[in-house]
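Colleague:
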Amino acid sequence: MSEIGHTAQLELRNVTHRYDGKVVLDISRLSIERGKIYGVLGPNGSGKTTLLSIMNLLMPPTSGQLFFEGGPIQYEGGSRLEIQRSMAMTLQSPYLFNTTVEGNIAYGLRD
Amino acid sequence: MEYLLEAFGDCIGLIFSLDREIYGIVGRSLAFSLTATLLATLFGVPIGFLVGTKRFRGKSGLLTVMNTLMALPTVVIGLLAYGLFSRRAPLGFLDLLFSPAAVIIGEFILSLPIIANLTVSAVQAVDPRAVLTAKSLGAGRTMVTWTILMEARFSLLAGIIAGFGRAISEVGSAMMLGGNIRFYTRTMTTAIALETSKGEFGFGLALGFFLLLMVFSMNILFHFLQMKGRRS
């Protein structure tokens, strides 16, 4: 993975995540830079999905801080939603809402 | 067997009699039960949603209590509420005893655990990917909540129907809290109990058929709404 970068679009600092007290993710620093393609490799249970979920702001880390274009991301009543709406994530197993095709397609456009 | 047919015939007769008292009882039963169900939905769905989606200490204990409350005997509710609303009781100053409001409160207490518990089951059955997908598409907390409720809507409606069924069919608390007052708090079930105790078994049974017919009609309506929701 690419490390450090002052122009990082997304940066994780001292991020850890625990499930039921067990540490599943521990990253001191990770910078994602604009225009680059990254791959995350690791065995089962190494925290790949957790890392992607945290990077996609689907859940806050247990500890640590995320920065978007240099600014810290606030989860409660902050910038999270605005930033998240500029991201996209395709789940391993996609889900269709129990509604019309239009409803599914337009979902992300709703406020 | 003959008396059953006779009672059914009487029931049909009652329907077409357009008797003011009968239709008053039917209207009152529906009004009380629908109001109680509406209130129980307003409280039960949020309670069930929170319990079903949040993780907190004592959750399994709370679920056990909620499940136990589903089996509350109606007479016990009547007794407890009577103890609260009678003249010298803590809430006696509200003057609610033997009023429609007291009957509605009793039915509300009976429906609430059913709607809350079935909401817990409904939201827990929603695919976790629905929440992840919603969040990944930029849904805020309100939108995620709405999405979960929409995904669970058919099960939620089934829970509300079950709550309504409990409210309209109960007799114990309606009798104790409403007093079965003619043209005021008399409902289908209390009228059936009264007529049977007077020896008017046939008339009571006819009212019973009428009640079943009414619940059946309400269920058809709910079923129609479910089907309409599935198609849209």
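If you're matching them up, the sequences are chains A and B in order.
Under the working numbering, the first residue of the first sequence is numbered 13, with each subsequent residue one higher.
Under the working numbering, the first residue of the second sequence is numbered 373, with each subsequent residue one higher.
Glycine included, each C-beta is placed from N, C-alpha and C at the ideal position.
Checking contacts by CB at 7 Å: is T517(B) closer than that to chain A?
Modeller: Chain A, which has no Cβ nearer than 7 Å to the Cβ of T517(B), makes this no.
Colleague: Strictly below 9 Å CB to CB, what residues from chain A border A502(B)?
Modeller: Result: Y107, F109 and N110.
Colleague: Quickly, what does DSSP pair I394(B) with across the bridge? List them, please.
Modeller: Answer is none; I394(B) lacks a bridge partner.
Colleague: Given M99(A), which residues of its chain have a CB within under 8 Å of its CB, disregarding the five upstream and five downstream residues?
Modeller: Same-chain partners within the cutoff: N68 and L69.
Colleague: Between I564(B) and G396(B), what straight-line distance do the alpha-carbon atoms span, to the nearest angstrom?
Modeller: Spanning the two alpha carbons is a distance of roughly 14 Å.
Colleague: Starting from R97(A), find everything on chain B with Cβ-Cβ shorter than 7 Å and list it in chain order.
Modeller: Ordered by position in chain B, the residues that pass the 7 Å Cβ test against R97(A) are G510.
Colleague: Which full runs of the alpha helix (DSSP H) of 4+ residues lie inside the stretch 388 to 447 of chain B, going along the chain?
Modeller: The stretch 388 to 447 of chain B contains these whole alpha helix (DSSP H) runs: 392 to 425 and 431 to 442.
Colleague: Should the stretch 107 to 118 of chain A be regarded as contacting the stretch 539 to 548 of chain B, the criterion being three or more beta carbon pairs within less than 8 Å?
Modeller: Counting Cβ pairs under 8 Å, fewer than three are found: no touch.
Colleague: How many angstroms separate the CA atom of S58(A) from the CA atom of S43(A)?
Modeller: Approximately 19 Å between the Cα atoms of the pair.
Colleague: Using a Cβ distance threshold of 8 Å, determine whether the stretch 493 to 509 of chain B contacts the stretch 380 to 398 of chain B, with at least three qualifying pairs required.
Modeller: No: the two stretches stay apart, fewer than three of their Cβ pairs being nearer than 8 Å.
Colleague: Relative to the ligand FMN, is the shortest distance from any of its heavy atoms to the C-beta of L529(B) smaller than 6 Å?
Modeller: Here there are no bound small molecules, and the ligand FMN is not part of this structure.
Colleague: Assuming contact is defined by CB atoms lying nearer than 7 Å, are T559(B) and R400(B) in contact in what I supplied?
Modeller: It is a contact, given that the beta carbons lie within the stated cut-off.
Colleague: What's the C-alpha gap between V475(B) and T407(B)?
Modeller: Approximately 10 Å, taken between the alpha carbons.
Colleague: What does K507(B) touch in chain A if you count any residue whose Cβ is under 7 Å from its own?
Modeller: Ordered by position in chain A, the residues that pass the 7 Å Cβ test against K507(B) are L70.
Colleague: Could you spell out the range, first to last residue, of the beta strand (DSSP E) harbouring F80(A)?
Modeller: Looking at the DSSP string, the run of the beta strand (DSSP E) that includes F80(A) is S75 to F80.
Colleague: In chain order, what are the residue ranges of uninterrupted beta strand (DSSP E) at least 3 long that sit wholly in the stretch 28 to 61 of chain A?
Modeller: With a minimum length of 3 residues, the continuous beta strand (DSSP E) runs that stay inside the stretch 28 to 61 of chain A are 34 to 44.
Colleague: Quick one: using the 10 Å Cβ neighbour count with 16 as the cut-off for buried, is S389(B) buried or exposed?
Modeller: Under this definition S389(B) is an exposed residue.
Colleague: Taking only the alpha-carbon atoms, compute the straight-line gap between S40(A) and R427(B) and give it to the nearest angstrom.
Modeller: Straight-line Cα distance between these residues: approximately 28 Å.
Colleague: Would you report the Cα separation of I520(B) and L386(B), rounded to the nearest angstrom?
Modeller: The alpha-carbon atoms of I520(B) and L386(B) are separated by roughly 44 Å.
Colleague: Is the Cβ of G120(A) closer than 7 Å to any Cβ of chain B?
Modeller: Yes - at least one Cβ of chain B is within 7 Å of the one on G120(A).
Colleague: What is the DSSP secondary structure of L468(B), reduced to helix, strand or coil?
Modeller: Coil.
Colleague: Does P445(B) pass the burial test, meaning 16 or more other C-beta atoms within 10 Å, or should it be called exposed?
Modeller: Classification for P445(B): exposed.
Colleague: Opposite N25(A) in the DSSP bridges: which residues?
Modeller: Looking at the sequence itself, residue 25(A) is Arg, so the reference to Asn does not match. Answer is R41(A) and Q77(A), bridged to R25(A).
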